[in-house]
Each structure stands twice: as structure tokens, then as C-alpha cells.
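Numbering (the numbering used here), first residue to last: 260 to 371.
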């Protein structure tokens with residue numbers, strides 16, 4: 260594992276957002292959803308592609324708090340321009356479980 264400096268870590272904008280829309284993303288190479296995530300008034304709503312179809316469906320994602328990196332450059336994924344990276348962890352079967360706060364926090368709050 261490579262060690263990084265604290266100054267490198269603080270450059271990463273890991274923020275809390277709320278999923279306000281989730282739709283299937285049939286154009287993706289691997290099964291995925293298009294998520295619209297609200298990070299509050301200062302940041303607004305950002306789009307992301309998320310390969311989380313094994314453990315989540317679109318209906319249950321609406322309203323869920325998530326943690327995402329919001330300061331990566333935009334990335335073209337098929338017809339979608341992804342604006343943030345929603346974070347998660349692979350389980351023992353390779354399914355992605357979302358990284359989520361266990362308490363309500365204001366939208367846009369930065370991970371410390």
C-alpha cells in the first residue's frame with residue numbers, strides 16, 4: 260500500500276449527497292444505474308454512473324444518503340457525462356455496497 264501525505268488526502272472532496280433520481284443505464288457495458296445526487300445549494304445536483312444493480316433497485320435508492328468524490332474531472336461513460344464518483348465497497352461476491360453515513364448530516368458535508 261502506498262502512503263500519501265495529509266495534504267494529498269485533503270484535496271479529495273468526499274461529500275454527502277442524497278439520491279434524488281435513479282434510472283437504469285442500458286447503454287453501460289456492465290449493469291449500472293444513472294444516479295442524480297443532490298449535494299445541497301452550494302454544489303447542486305451531479306450525475307453519476309453506479310454499478311450497484313446487484314444490491315439496489317432504483318426505487319430504494321431514492322432518498323438514500325451517499326458519499327461521493329465530487330472533484331474528479333468529468334468522465335464520459337457511453338452517452339453519460341459522469342460528474343462525481345459514488346463510493347462503495349465490494350462484498351465477498353463482488354457486489355458493491357454503498358458507502359453511506361449512519362446518521363443524517365447536511366447535504367454537501369465534507370468527510371473529515
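Ideal placement from N, C-alpha and C gives every residue a C-beta, glycine not left out.
{"Query": "DSSP-derived helix/strand/coil call for residue 314", "Result": "coil"}
{"Query": "Endpoints, beta strand (DSSP E) assigned at residue 348", "Result": "347 to 349"}
{"Query": "Classification of residue 291 by the beta-carbon crowding that lies within 10 angstroms, buried from 16 upward", "Result": "buried"}
{"Query": "Residue 267, DSSP secondary structure in three states", "Result": "helix"}
{"Query": "Residue 325 to residue 353 span [Cα, whole Å]", "Result": "19 angstroms"}
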